[in-house]
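K.L.:
The sequence shown: position 73 = 73 (the working numbering), numbered continuously.
Glycine residues also receive a C-beta, built at the ideal position from the N, C-alpha and C atoms.
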Amino acid sequence: MLADSGIVYTLLRNGWYTENYLASAPAALEHGVFIGAAGDGKIASATRADYAAAAARVISEAGHEGKVYELAGR
C-alpha cells in the first residue's frame, strides 16, 4: 500500500531494545539467572543510541528511498 502511494519512504524496523532489560536486571542479579521467552534462542538487541545512529545515517545519505531495513544488534 505504501509502495503504491507514490510517497518516498524508507522503513526502519527496529528490533528489541537493550534498555528493555533494565527492569529485569535486579531480579536476574538476585537469582543468578535471566528468564525470558526466547528459550535457547539468541536475542540481538541494540540500544536506542544505535538505532538513532542508523536513522541519522539513513536520513542524511541518498540511496535509501524505497528500502526497508530490519535493524538489530549483533
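Could you give the distance in angstroms between the alpha-carbon of R74 and the alpha-carbon of T47?
P.N.:
So the two alpha carbons sit approximately 11 Å from each other.
K.L.:
Just to confirm my understanding: we take Y17, look at its own chain, exclude 5 residues before and 5 after, and list those with CB closer than 8 Å. What are they?
P.N.:
Only S45, A46, T47, R48, Y51 meet the Cβ criterion.
K.L.:
Which of helix, strand or coil does DSSP assign to V58?
P.N.:
Three-state DSSP puts V58 in a helix.
K.L.:
Counting pairs of Cβ atoms below 8 Å between the stretch 1-21 and the stretch 54-74, do you hit three or more?
P.N.:
The answer is yes - the stretch 54-74 touches the stretch 1-21, with three or more Cβ pairs under 8 Å.
K.L.:
I need the DSSP call for L71, collapsed to helix, strand or coil.
P.N.:
Here L71 sits in strand by DSSP.
K.L.:
Work out the CA separation of I7 and G63 for me, nearest whole Å.
P.N.:
Cα to Cα, the separation comes out at about 15 Å.
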